[in-house]
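Chemist: To start, I am sharing the structure in question, which I have written as structure tokens.
Protein chains in written order, with our numbering: chain A, 111 to 418; chain B, 111 to 418.
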């Protein structure tokens with residue numbers, strides 16, 4: 111029998127649509143998301159242009175009740191961090207024992223929310239560095255190719271991580287499995303915590319940050335604060351220089367606007383609470399100083415509040 | 111004989127025009143500044159509306175060569191900090207022994223630039239909290255009444271500080287003399303260092319900062335960093351709670367946009383180098399940490415660079 115019988119993408123924004131679209135070539139996929147996007151997909155399919163150039167036909171569930179409940183479903187979370195709680199409450203009624211929950215969301219803490227509502231079992235996390243941009247309802251761009259890493263949060267679920275990794279690879283999403291997904295998630299958090307608020311505040315594109323040497327000092331201090339917070343929480347970071355990695359991302363995505371800057375420019379709520387705000391929460395009760403993460407969180411929230 | 115024979119306002123922006131206008135009722139005053147403003151004053155006088163409501167007739171010097179050199183002149187510096195060096199070079203040719211230099215500029219370090227070029231003698235500093243806004247050439251608004259404090263930087267010039275304080279009071283600018291002008295200048299620096307970059311970055315009016323409790327934490331940390339830097343430089347701050355004072359300014363100027371926010375909005379260069387940038391320079395070689403002042407300086411410079 112094929113594994114899994116059904117994948118439900120919880121939050122079909124840019125990344126969720128990409129993953130759902132590609133997975134729909136190898137298994138049954140349903141998307142939950144915004145109505146105008148799903149309606150367009152229902153009518154004309156999901157068009158991905160750019161590196162991937164093809165139209166996919168995942169099932170678009172305009173209302174969650176559209177989704178036929180099924181045992182062994184894999185729920186892939188790609189909603190914004192501030193909507194995780196709402197998403198978990200919405201899907202709660204469709205969940206069976208043995209279902210699997212994979213969060214591909216930015217930041218940290220989303221797995222805690224899932225665990226709190228849906229129990230300890232079958233929770234996985236993943237990080238992906240594909241660059242996907244939403245163009246218009248029914249159409250996304252695959253602008254940058256990246257790596258995807260998946261891992262289980264409990265040793266008991268390692269085999270599920272293996273299976274999902276296989277599924278992703280069969281669908282054409284190059285993926286490796288890891289036993290240290292927390293380290294991978296925190297490594298991505300470091301990069302996001304350093305780049306996102308600074309670009310959101312200044313309005314700079316990623317590459318432009320490199321033109322301000324004084325700003326790179328601040329990037330370095332944020333990286334250090336998050337690294338220290340990770341260590342205080344017994345996270346084992348991948349063995350690479352995280353500042354170098356962060357500068358590398360700035361260099362390799364020169365023309366990009368960070369997701370947080372895009373959110374600010376569009377007057378939308380940012381994911382600051384799941385990124386720098388989460389670092390501040392994880393630092394509480396430890397002796398790690400997170401002055402800059404606290405200040406950047408406050409500044410971004412003020413900019414966000416101001417835009418409304 | 112009247113003292114002084116001549117006051118030259120170096121940088122007749124909003125504050126400089128205000129001081130020059132009022133002083134012109136008790137002594138001869140010349141303004142150096144932007145041509146369109148000076149031309150309007152030459153034609154119709156300087157109109158001050160608001161708390162002060164009157165038209166004054168200081169002499170407007172379109173080119174510095176318009177100014178007749180005279181012994182015993184008082185040069186009042188009200189140019190932006192980043193123009194102090196240029197201003198000093200411009201007036202250098204008109205300076206006689208015994209002339210006096212009074213800086214009423216924001217931030218710290220301007221007196222050092224004056225000293226470096228014009229010698230040790232006769233240098234005074236002052237702070238004023240009048241709220242003055244530029245409306246159009248020839249017209250400024252006196253929006254908020256404040257206190258002015260003047261003091262000499264060397265004990266030997268205390269009598270000059272006394273005389274100038276008398277002059278200011280006779281002109282209707284309520285002024286007191288102090289023997290600790292450095293403490294007063296740094297006290298104002300603390301308030302500016304905390305309010306200016308945060309409002310410039312977020313776009314908030316002063317009073318709106320109070321609506322973000324997390325932002326007030328950052329305000330508190332900036333205050334602390336500048337206080338520590340002052341102490342490490344043997345500055346004796348006035349005996350008041352500087353955080354309380356800063357919050358008081360936010361409360362009392364609720365609707366105001368800080369000068370730095372106004373500069374950002376108008377695409378002009380800010381005084382960040384004389385304010386938070388100066389704190390960073392004064393902290394060098396001490397063991398005081400100024401992480402936030404460094405980061406705020408970098409962020410404001412990036413925003414400034416971006417706007418261009």
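Here a beta-carbon is modelled for each residue, glycine too, at the ideal position from N, C-alpha and C. If you're wondering where the values come from, they're calculated on a predicted model, not measured in any experiment.
What would DSSP say about residue 406 of chain B, mapped onto helix, strand or coil?
Modeler: Correct three-state label for residue 406 of chain B: helix.
Chemist: Three or more C-beta pairs under 8 Å: does that hold for the region 147-157 of chain B against the region 236-250 of chain B?
Modeler: These segments touch.
Chemist: Can you pull the DSSP bridge partners for residue 212 of chain B?
Modeler: Looking at the DSSP assignment, residue 212 of chain B forms a beta bridge with B:186, B:234.
Chemist: In chain B, which residues lie with their C-beta within 9 Å of the C-beta of residue 404 of chain A?
Modeler: Here the neighbours are 324, 327, 328, 331.
Chemist: Please report how far the alpha carbon of residue 355 of chain B lies from the alpha carbon of residue 316 of chain B, in whole angstroms.
Modeler: Near 14 Å, if we compare the C-alpha coordinates of residue 316 of chain B and residue 355 of chain B.
Chemist: I'd like the span of the beta strand (DSSP E) that includes residue 160 of chain A, first residue to last.
Modeler: From DSSP, the beta strand (DSSP E) with residue 160 of chain A extends over 156-160.
Chemist: Which whole-angstrom value is the C-beta distance of residue 419 of chain B and residue 196 of chain B, which I expect to be below 8 Å?
Modeler: Past the boundaries of the shown model lies residue 419 of chain B; chain B is included only from 111 to 418, so the question cannot be answered.
Chemist: At 9 Å on the CB atoms, spell out the chain B contacts of residue 398 of chain A, in chain order.
Modeler: By Cβ distance, chain B contributes nothing, its closest Cβ being about 14 Å from residue 398 of chain A, past 9 Å.
Chemist: Could you name the residues of chain B that residue 312 of chain A contacts, counting a contact when the two beta carbons are closer than 7 Å?
Modeler: Correct list: 409, 412, 413, 416.
Chemist: If I follow the unbroken beta strand (DSSP E) through residue 243 of chain B, where does it start and stop?
Modeler: Where residue 243 of chain B is concerned, the enclosing beta strand (DSSP E) stretches over 241-246.
Chemist: Listing by chain order, which chain B residues have their CB less than 8 Å from the CB of residue 401 of chain A?
Modeler: Ordered by position in chain B, the residues that pass the 8 Å Cβ test against residue 401 of chain A are 331, 401, 402.
Chemist: Would you report the Cα separation of residue 171 of chain A and residue 305 of chain B, rounded to the nearest angstrom?
Modeler: For residue 171 of chain A and residue 305 of chain B, the distance between alpha carbons rounds to 49 Å.
Chemist: Considering only the alpha carbon of each residue, which of A:207, A:174, A:218 lies closest to residue 199 of chain A?
Modeler: With distances taken between Cα atoms, residue 199 of chain A lies closest to A:174.
Chemist: On the criterion of 16 or more Cβ atoms from any shown chain inside 10 Å, does residue 411 of chain B qualify as buried, or is it exposed?
Modeler: It counts as buried.
Chemist: Please classify residue 307 of chain B: is it buried, with 16 or more other beta-carbons within 10 angstroms of its beta-carbon, or exposed?
Modeler: Residue 307 of chain B is buried by the Cβ-count criterion.
Chemist: What is the C-beta distance between residue 385 of chain A and residue 217 of chain A, in whole angstroms, given that I count them as a contact (C-beta under 8 Å)?
Modeler: Yes, they are in contact, since the Cβ atoms of residue 385 of chain A and residue 217 of chain A sit about 5 Å apart, within 8 Å.
Chemist: Does the pairing of the region 399-408 of chain A with the region 318-338 of chain B give three or more beta-carbon distances under 8 Å?
Modeler: The answer is yes - the region 318-338 of chain B touches the region 399-408 of chain A, with three or more Cβ pairs under 8 Å.
Chemist: Using alpha carbons as the reference points, say which of B:213, B:271, B:257 lies closest to residue 114 of chain B.
Modeler: With distances taken between Cα atoms, residue 114 of chain B lies closest to B:271.
Chemist: Say yes only if the C-beta of residue 416 of chain A is nearer than 7 Å to one or more non-hydrogen atoms of the ligand SAH, and no if none qualify.
Modeler: In the structure on display, the ligand SAH does not appear, and there are no ligands present to speak of.
Chemist: Express the C-alpha separation of residue 120 of chain B and residue 300 of chain A in angstroms, rounding to a whole number.
Modeler: Answer to the nearest angstrom: the Cα atoms are 48 Å apart.
Chemist: To the nearest angstrom, report how far apart residue 242 of chain A and residue 365 of chain B are at their CA atoms.
Modeler: Distance between the alpha carbons of residue 242 of chain A and residue 365 of chain B: 42 Å.
Chemist: Starting from residue 364 of chain A, trace the beta strand (DSSP E) both ways and give me its first and last residue.
Modeler: Run containing residue 364 of chain A: none; DSSP gives neither H nor E here.
Chemist: Give me the residue from A:379, A:220, A:399 with the minimum Cα distance to residue 415 of chain A.
Modeler: For residue 415 of chain A, the nearest C-alpha among the options comes from A:379.
Chemist: DSSP three-state label for residue 280 of chain B, please.
Modeler: Correct three-state label for residue 280 of chain B: helix.
Chemist: Counting only runs that start and end within the region 257-308 of chain B, where is the alpha helix (DSSP H) found for 4 or more residues in a row?
Modeler: Runs found: 268-280.
Chemist: First and last residue of the alpha helix (DSSP H) that includes residue 130 of chain B?
Modeler: Element bounds for residue 130 of chain B: 124-133.
Chemist: CA-CA distance, residue 142 of chain A and residue 183 of chain A?
Modeler: Each residue's alpha carbon lies about 14 Å from the other.
Chemist: Residue 350 of chain A: buried (16+ other C-beta within 10 angstroms of its C-beta) or exposed?
Modeler: Flag for residue 350 of chain A reads exposed.
Chemist: Would you identify the three-state DSSP class for residue 144 of chain A, choosing helix, strand or coil?
Modeler: Reduced to three states, the DSSP call for residue 144 of chain A is coil.
Chemist: So, at 8 Å on beta carbons, what are the nonlocal neighbours of residue 223 of chain B in its own chain, with the 5 sequence-adjacent residues on each side left out?
Modeler: Same-chain partners within the cutoff: 194, 195, 198.
Chemist: Given residue 135 of chain A, which residues of its chain have a CB within under 6 Å of its CB, disregarding the five upstream and five downstream residues?
Modeler: Only 281 meet the Cβ criterion.
Chemist: Assuming residue 287 of chain A and residue 251 of chain A make a contact with CB atoms under 8 Å, what is their CB distance in whole Å?
Modeler: Contact doesn't hold; Cβ gap of about 28 Å is too wide.
Chemist: Within 10 angstroms of the Cβ of residue 130 of chain A, are there 16 or more other Cβ atoms? Answer buried if so, exposed if not.
Modeler: With 16 or more Cβ atoms within 10 Å of its Cβ, residue 130 of chain A is classed as buried.
Chemist: What does DSSP give as the partner residue(s) for residue 171 of chain A in the beta ladder?
Modeler: According to DSSP, residue 171 of chain A bridges with A:142.
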